[in-house]
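Since the structure comes first, as structure tokens, the remarks are kept for the end.
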Amino acid sequence: MSSLAVLHASQLITLAGPKRPRIGQEMPDLAAIRNGGMLICDGEIDIVGTSDEIEKKAGDADIVDAGGRVVLPGFVDAHTHLVFAGNRLDDFERRARGEIYEQIAKAGGGIWSTVEKTRAASEADLFAQAKKHAQWFLGCGTTTVEAKSGYGLTVPDELKILRVIQRLNSPRQAPDVIRESRITSTAAQREAAQQEAARQEAAGLEIVPTFLGAHAIPRGMRPDEYVDLVINEMLPRVATEELAEFCDVFCERGYFDIEQSRKILTAAKKLGLNLRGHVDQLTNSSGAKLLSELNATTADHLEKTDEQGIAALKAANVQPVLLPGSVYALGSTSYPRAREMIDAGLAVVIATDFNPGSSPTPSMPMILSLACTQMKMSPAEAITASTINAAYSLNRGDRIGSLEPGKLANFAIFDCEDYRELAYWFGFPQTHSVYVRGERAFP
Ligand SMILES: [Zn+2]
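What follows is the structure in structure tokens.
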């Protein structure tokens with residue numbers, strides 16, 4: 004038994020509350036404890052209370068003195084494209100000069116340039132770059148991310164990306180559990196050594212894998228030919244090898260239309276995958292309605308979703324995942340209607356959309372800033388949207404996203420006294436330290 008006592012948080016932002024995503028007037032309720040603390044045993048939260056109460060029960064626990072800083076559950080980033088090769092610096096510069104997407108694509112940029120680099124990269128190279136990205140997330144206070152494939156667009160390259168995600172993920176079995184099981188046989192010793200090697204290799208960040216083979220139609224293929232490849236070859240492999248929990252589609256003009264998206268998502272659902280979708284980003288193509296019909300877990304982007312789309316999401320209990328970082332980085336002002344969604348009773352989530360083309364940021368605090376300044380969410384609503392609501396959108400609301408007894412001790416300490424400072428100061432990191440399952444993961 005290893006125990007840890009966190010003491011002297013100016014505000015311990017617990018987000019304790021009903022065991023479901025938060026809606027409407029529940030969203031600004033952070034259940035903060037002034038001068039808070041918590042006791043952690045074997046990576047799980049045991050007791051939450053005031054610092055004085057925890058100190059009395061701490062026994063011989065190791066002490067983490069938050070020193071009057073804010074303590075939050077680790078951010079849960081429910082939409083990222085974590086694994087890719089290279090960057091899109093040339094596109095970035097061209098866009099700054101005023102060029103539009105078509106000109107950039109003609110000059111060899113756009114998503115296709117990332118696909119070519121990702122296909123050319125070895126699994127080891129992709130792993131090294133993704134591990135660096137994972138460190139960036141931890142450094143911003145994020146302890147869980149969803150990560151999509153989608154820059155391979157062939158069977159082997161999509162599987163390569165999903166395997167990188169699998170390797171980056173922390174192994175389920177903790178090494179001390181193995182030690183305690185009194186290993187005698189050499190096979191068990193070998194297995195323990197492999198587990199330890201996997202633990203050393205893992206990024207510290209917990210990663211939820213999503214298959215996004217339908218991210219774009221590869222050059223030289225007809226759309227229907229590629230849809231067939233996704234359904235008949237990619238999806239069965241992904242499901243059999245258990246490489247993803249979710250299936251996602253980029254439903255947009257020039258990518259996958261409503262009918263193609265419906266075909267792919269329906270096939271994925273039959274194989275037991277849960278559904279997410281990139282919809283209504285550039286045009287309102289009734290993507291929100293499609294995802295509602297299919298009972299998807301989330302509908303992501305929604306910049307162009309109207310009242311009918313919002314009503315459809317509400318009727319089917321689909322969680323919207325809003326991505327203001329991509330609106331900002333593309334130089335657009337067309338943010339999704341967050342206020343209307345909250346007023347309609349949707350369990351709103353915000354995420355970074357970390358990717359090399361349209362949202363090159365791993366920073367959830369930057370997303371909090373954009374949520375408040377551009378989408379008129381309150382700082383408290385933005386924190387709920389990036390922790391407990393995001394956890395439920397990844398089917399992990401019972402394990403992460405709040406600081407409550409029985410949950411994993413994933414938390415971040417920020418160098419400020421009031422949680423609102425996280426959204427208020429912007430453009431620099433306020434992270435003091437980050438813990439995953441009670442172990443220090445950053446710095
Ligand atoms: Zn995306």
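Once you know that position 60 of the sequence shown is 63 in our numbering, the rest is easy, because the numbers rise by one and skip nothing.
Every residue, glycine too, gets a C-beta built ideally from N, C-alpha and C.
Keep in mind the model is a prediction, meaning the values are calculated, not measured.
Residue pairing by DSSP places residue 110 opposite no residue, since no beta bridge is assigned to it. The beta-carbon distance between residue 171 and residue 137, rounded to whole angstroms, is 6 Å. This is short enough to meet the 8 Å contact definition. Counted as a single uninterrupted DSSP element, the beta strand (DSSP E) harbouring residue 322 occupies residues 322-325. Remark: the shortest separation between the CB of residue 356 and any heavy atom of ligand 1 falls under 7 Å. Relative to ligand 1, residue 136 has its C-beta separated by 7 Å or more from all heavy atoms. Buried is the label assigned to residue 94, since at least 16 other Cβ atoms lie within 10 Å of its Cβ. Assignment of residue 285 by DSSP, reduced to helix, strand and coil, places it in the coil class. Here the distance from the Cβ of residue 281 to the nearest heavy atom of ligand 1 is below 7 Å. C-alpha of residue 297 to C-alpha of residue 268: approximately 8 Å in a straight line. When DSSP reads this structure, residue 217 sits in a beta bridge with 252. Two segments are said to touch when three or more pairs of C-beta atoms, one from each, lie closer than 8 Å; by this definition the stretch 309-327 touches the stretch 284-296. Shown here for residue 416: same chain residues with a beta carbon closer than 6 Å to its own, the five before and five after excluded, namely 69, 72, 74, 435, 436 in chain order.
The alpha-carbon separation between residue 197 and residue 190 amounts to approximately 11 Å. Bridge pairing for residue 44: 6, 47 [DSSP].
Here DSSP, grouped into helix, strand and coil, assigns residue 159 to helix.
Counting the other Cβ atoms within 10 Å of the Cβ of residue 306 gives 16 or more, which makes it buried. With respect to the 8 Å criterion, residue 349 and residue 26 are classified as neighbours on the basis of their beta carbons. Taken in chain order, the complete alpha helix (DSSP H) segments of 4 or more residues contained in the stretch 355-427 are 367-377, 382-388, 391-396, 424-427.
Shortest gap from the CB of residue 82 to any heavy atom of ligand 1: under 7 Å.
DSSP places residue 258 outside any beta strand (DSSP E), giving it a letter other than H or E. In the three-state scheme derived from DSSP, where H, G and I count as helix and E and B as strand, residue 338 is classed as coil.
Rounded to the nearest whole angstrom, the CA to CA distance from residue 255 to residue 39 is 47 Å. Contact holds between the stretch 144-160 and the stretch 73-89, because three or more Cβ pairs, one in each stretch, are under 8 Å apart.
Within its own chain, the residues whose Cβ lies closer than 7 Å to the Cβ of residue 402, once the five positions on either side in sequence are excluded, are 410, 411, listed in chain order. In this structure, residue 76 places its C-beta atom within 8 Å of the C-beta atom of residue 404.
Counting the other CB atoms within 10 Å of its CB gives residue 399 a total of 16 or more, which places it among the buried residues. DSSP, read as helix, strand or coil, puts residue 277 in strand.
Around the Cβ of residue 98, a 10 Å sphere holds 16 or more other Cβ atoms; the residue is buried.
Under a 10 Å Cβ-count criterion, residue 408 is classified as exposed, with fewer than 16 other Cβ atoms of the shown protein chains found around its own Cβ. Less than 8 Å divides the Cβ of residue 432 from the Cβ of residue 143.
Under the DSSP assignment, residue 228 falls in the alpha helix (DSSP H) whose first and last residues are 226-232.
Inter-residue distance for residue 231 and residue 440 is about 41 Å (C-alpha atoms, whole angstroms).
Between the alpha carbons of residue 239 and residue 217 lies a distance of about 14 Å.
A distance below 8 Å separates the beta carbons of residue 391 and residue 18. Taking C-beta atoms as the reference points, residue 42 and residue 57 count as a pair closer than 8 Å. With a cutoff of 8 Å on beta-carbon distance, residue 396 and residue 308 are scored as not near each other.
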